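For reference, the structure is listed below as structure tokens.
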Amino acid sequence: MSTEQEKYKDIRIEKPQGKLGVLLPGLGAVSTTFIAGVMAIRRGLAQPTGSLTQMNHIRLGRRDENRNPLIKELVPLSGLDDLYFAAWDIFEDNAYEAAVKAGVLEDIHLQPLKEELEQIKPMPAVFSKDYVKKLDGTYVKKAADKYEYMQMLREDIRNFKEKNGLDRLVMIWAASTEVYIKPGEVHRSKAAFEQAMKDNHPDIAPSMLYAWAAIAEGVPYANGSPNLSADIPAMYEFAEEMNVPLAGKDFKTGQTLMKTILAPGLKARMLGIEGWFSTNILGNRDGEVLDDPDSFKTKEESKLSVLEQILQPDLYPNLYADLYHKVRINYYPPRRDNKEGWDNIDIFGWMNYPMQIKVDFLCRDSILAAPIVLDLVLFMDLAARAGFKGIQEWLSFYFKSPIHAPNLYPEHDLFIQLMKLKNTLRILAGEKEITHLGLDYYI
Ligand SMILES: NC(=O)c1ccc[n+]([C@@H]2O[C@H](COP(=O)([O-])OP(=O)(O)OC[C@H]3O[C@@H](n4cnc5c(N)ncnc54)[C@H](O)[C@@H]3O)[C@@H](O)[C@H]2O)c1
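347 is the number that the UniProt record's numbering gives to position 347 of the sequence shown; each next residue is one higher, with no gaps.
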């Protein structure tokens with residue numbers, strides 16, 4: 001038995017009995033593509049492409065044992081038929097209307113799901129234009145202070161659970177990117193945060209109120225946007241106290257996904273990189289929000305840190321210390337949700353001879369994000385049943401800026417993240433982790 005196996009040998013994961021409620025702040029492109037996809041898969045109209053929980057096999061034991069179950073056969077995950085959806089938005093459109101406006105899925109795929117999608121009507125949001133400058137919310141709650149707003153969200157959560165006879169809940173933030181906020185005094189402890197909500201402090205953003213309400217109700221919370229939300233010490237403290245798992249930030253799709261696939265490969269071959277220029281055009285509501293410099297700054301911080309950590313310029317100054325990294329996002333309405341991302345990578349090899357790599361990714365952002373939402377729902381629920389609490393680093397695989405323990409650096413390399421995720425699942429199932437050492441040719 002390995003040390004890790006020994007440490008977790010007494011974990012007993014409760015079977016996922018009954019219904020699992022999925023709470024989504026934000027009923028936009030990502031949320032509606034996720035919900036419609038789950039509905040289509042349930043009816044046998046689509047396959048869950050891109051989802052590890054639904055499609056990925058996992059090797060167990062030695063290679064000569066030929067044990068490769070599906071992940072969903074190895075660990076007890078909720079079935080798709082047991083998922084129930086609720087959302088908040090600042091617009092009153094139901095999930096069908098919102099999906100049509102988002103323009104991700106074609107009419108031919110939405111029509112068969114129309115009635116079911118129309119049943120999902122958003123709850124009024126907690127919103128302030130101070131945090132998303134490009135949007136004007138009309139369908140919003142009214143309260144005296146931020147503490148009261150947070151209490152109203154708690155009430156929404158309890159009502160959804162009671163009305164639908166749900167057993168467990170998970171919340172995934174898929175609302176617009178908020179302006180950049182620096183972690184400050186009011187985020188430092190649970191007590192300071194609670195006081196700041198009552199004082200209507202400007203450093204408390206709506207996404208934080210959703211996260212706080214989720215934790216207070218014992219609901220696992222994952223943040224798909226780059227804004228801080230739960231990534232502050234006050235939330236870590238509260239989540240530990242309430243035994244609630246936390247994850248985030250910013251779904252790893254599109255250009256950053258490509259970056260975290262390519263950069264580890266170039267580094268593995270000890271090839272130098274002089275410059276990496278990334279530019280995007282996109283025309284959906286997310287693109288419009290990111291047209292505001294303050295919201296873009298939040299996204300930029302999230303996108304820039306990736307290369308620095310993967311390439312370790314402090315260890316390899318001759319290869320990466322002078323790397324010039326630039327990221328641009330341009331709002332271009334005709335593209336709608338179909339983003340185009342260009343990367344120009346100036347690399348150098350033997351005797352510093354220069355070479356160039358060009359990537360032109362005609363990407364569909366929400367098509368890449370939807371399976372991430374599904375996996376997070378199922379894995380966050382698994383984490384809660386396994387008794388995991390606080391930051392869930394093993395889910396870093398899904399994020400551009402993974403939340404990490406304050407004394408550690410985040411891991412961005414997609415392949416290390418995948419190994420961490422799979423080894424966590426192996427340990428949860430009482431199996432030995434796989435190191436790929438293979439010294440006796442079989443291990
Ligand atoms: N699409 C992707 O692949 C991807 C990848 C990484 C991160 N993200 C992030 O996920 C989020 C959602 O992306 P999207 O493409 O669905 O955007 P979207 O603009 O289509 O949807 C966001 C929705 O959130 C609503 N909203 C804004 N503030 C709210 C609040 N306080 N409470 C409730 N609802 C609120 C908006 O009205 C909108 O309907 C964005 O922050 C985006 O940056 C998306």
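By construction, the Cβ of each residue, glycine as well, lies at the ideal position given by its N, Cα and C atoms. A quick note: this is a predicted structure, and the numbers were derived from the prediction, not measured.
- In this structure, the CA atom of Asp314 is about 33 Å from the CA atom of Ala369.
- In the three-state reduction of the DSSP assignment, Gly248 falls in the strand class.
- For Ala268, the secondary structure class from DSSP, reduced to helix, strand or coil, is helix.
- When the alpha-carbon of Lys252 is set against those of Met208, Gln119, Ser302 and Met1, the nearest one is in Ser302.
- When the alpha-carbon of Ala216 is set against those of Lys198, Glu237, Gly224 and Tyr320, the nearest one is in Glu237.
- Shown here, Glu115 sits in a helix according to DSSP, grouped into three states.
- Secondary structure within the stretch 71-121: the alpha helix (DSSP H) runs of 4 or more consecutive residues, fully enclosed, are 71-74, 95-102, 107-110 and 114-118 (chain order).
- A buried status is given to Arg285, since no fewer than 16 other beta-carbon atoms sit within 10 Å of its beta-carbon.
- Secondary structure note for Tyr320: its alpha helix (DSSP H) is the uninterrupted segment Pro317 to Tyr320.
- With fewer than 16 other CB atoms across the displayed protein chains lying within 10 angstroms of its CB, His57 is exposed.
- Taking the Cα positions, Ile367 is about 11 Å away from Thr32.
- For Ala386, the CB contacts under 8 Å within the same chain, skipping 5 residues up- and downstream, are Ile11, Ile13 and Leu428 in chain order.
- Taking one beta carbon from each stretch, the stretch 162-182 and the stretch 211-225 have 3 or more pairs nearer than 8 Å; the two touch.
- Proximity of the beta carbon of Asn284 to ligand 1 is indicated: a heavy atom of the ligand is located closer than 7 Å.
- In the DSSP annotation of this structure, the continuous segment of the beta strand (DSSP E) that includes Leu23 starts and ends at Leu20 to Pro25.
- The beta carbon of Trp342 is closer than 6 Å to those of Thr279 and Asp360 in its chain, skipping five residues each way along the sequence.
- Taking Thr424 as the centre and dropping the five residues before and after it, the same chain places the C-beta of Trp394 closer than 8 Å to its C-beta, in chain order.
- Excluding five sequence positions before and after Ile261, the CB atoms of its chain that fall closer than 6 Å to its own CB belong to Leu414, given in chain order.
- Within 10 angstroms of the beta-carbon of Tyr131 lie 16 or more other beta-carbons, which makes it buried.
- Note on geometry: alpha-carbon atoms of Lys358 and Asp82 lie some 44 Å from one another.
- Taking a contact to require three or more Cβ pairs closer than 8 Å, the stretch 137-155 and the stretch 292-300 do not qualify as touching.
- Inclusion of Asp381 and Ser176 in the CB contact set at 8 Å is not warranted, their separation being larger than that value.
- A Cβ-Cβ separation of about 3 Å places Ile90 in contact with Gly137 under the 8 Å criterion.
- Under the three-state reduction of DSSP output, Gln417 falls in the helix class.
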